[in-house]
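I have placed the structure first, in the form of structure tokens, so that the comments after it can refer back to it.
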Amino acid sequence: MLCPEREENMARILSGKETASFINKRTSDTVRRLKERGIVPTLHILRVGENPADLSYERSAEKKCRGMEMEVEKTVFPEDVSGEAVLKKIRQLNEDKHVNGVLLFRPLPENLDADKIVNTLDPSKDVDSMTNLSLAGVFAGKKLGFPPCTAQACMEILNYYGIDCRGKKAVVVGRSLIVGKPVSMLLLGQDATVTVCHSRTVDLPSITRCADILIAAVGRAGMIGAEHVSEGQIVLDVGINSKPGGGICGDVDFEAVSPIAGFITPVPGGVGAVTTSVLLSHVARAAERHNGLE
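Letter 225 of the sequence shown, counting from 1, is numbered 855 in our numbering, and no numbers are missing.
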């Protein structure tokens, strides 16, 4: 899909819902082909504790899996679970040929050795880039696991709207291993020229204003304002922050930025709306890989 013309005095909305629908259709076609061969893509959700955000994402993933005729399994541990119990379960999942993808909610409780637990997972079943090997694959451009779902969701939106990254100046605000660093590598993989900024960057607006593509992934409500953007920019807002009066908002001050930017993702309804669809697409592709079909 090609980007339509910008409306006068208002940025064009890059819809996460439209992008997600496109991904879902693509994944549904993959699932259908796999089922014709007797293969049912299967996601196993592993959760420790009862974090409300985890529960919300879990419900969304379960609903979409079933709607796409994929199987979803679940293991829930109490917050005081021992590290050995979690490790034992992950080793079982590694050996279970029925399971194609594993989603482990993070952060884990402080009493657990998160690094050891995460890196016990087989990278071929790591559908959200939790393991060091999966992240190495992202940085090296190799098929070791998959990119983090949120980072990949940014690229899916750009691709859906026909935004060519080649030669573009891309600025990423945020350096986490979940979004900032991996999305920078994905942009480089599409021949963008990438600058990574963060909370200690000096004179941030002078850098962000020079971007063709600006991705805000710092986790601070409204941090990117009118002074950070220039006319016609493509702005992707990855932030999901709670508002004092209820609801959520992004890292971008939408009201201030949308009259200036050329294209912008809303919150909600933007990058976050694509993440679960990317997760399911990774599970389907993992099933293809495990069966030598990709």
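Cβ atoms here follow ideal geometry from the backbone N, Cα and C, with glycine treated the same way.
When rounded, the separation of the alpha-carbon atoms in Ser651 and Ala744 is 34 Å. Ranking Pro778, Arg915, Glu680 by CA distance to the CA of Phe707 puts Glu680 first. In its chain, beyond the 5 residues on either side, Thr649, Ile653, Val904, Val908 have a beta carbon closer than 7 Å to the beta carbon of Glu786.
The beta carbons of Ala917 and Leu664 sit about 6 Å from each other, so the pair counts as a contact at 8 Å. Counting only the Cα atoms, Gly892 lies some 44 Å from Lys746.
Leu733 places its beta carbon 8 Å or farther from that of Ala781. Three or more beta-carbon pairs separated by less than 8 Å link the region 684-704 to the region 658-675, which places the two stretches in contact.
A Cβ-Cβ contact shorter than 8 Å links Val901 with Gly646. Nearest in C-alpha terms to Leu816, of all of Leu834, Ala770, Pro835, is Ala770. For Asn871, the three-state secondary structure derived from DSSP is strand. Judged by DSSP secondary structure, Ala846 falls outside any alpha helix (DSSP H) and instead within the beta strand (DSSP E) spanning 843-846.
Counting the other CB atoms within 10 Å of its CB gives Lys811 a total of 16 or more, which places it among the buried residues. Asp821 is a Cβ neighbour of Gly797, given a cutoff of 8 Å. By the C-beta criterion, the region 836-855 is judged to be in contact with the region 793-808, since at least 3 inter-stretch pairs fall below 8 Å.
Residue state for Ala800 is assigned as strand, using DSSP reduced to three classes.
Annotation for Val813: the continuous alpha helix (DSSP H) segment containing it runs 810-819. Straight-line spacing of the CA atoms in Pro898 and Ser872 works out to 11 Å. Across the set Gly819, Ile808, Leu844, Val809, the C-alpha of Leu844 shows the shortest separation from the C-alpha of Thr825. The alpha carbon of Gly922 has as its nearest neighbour, out of Thr831, Ser754, Asn639, Lys772, the alpha carbon of Ser754.
Here Lys704 carries a strand assignment [DSSP, helix/strand/coil].
Contact annotation: Pro889 and Met698 have beta-carbon atoms that are not nearer than 8 Å. If you draw a 10 Å sphere on the C-beta of Lys694, you find 16 or more other C-beta atoms in it, and that means buried. Residue pairing by DSSP puts His674 in a beta bridge opposite Glu703, Val732.
When the five nearest sequence neighbours on each side are left out, the beta carbons in the same chain lying within less than 6 Å of the beta carbon of Asp756 are those of Ser764, Gly775, in order along the chain. One Cα belongs to Pro739, the other to Val678, and the distance between them is close to 8 Å.
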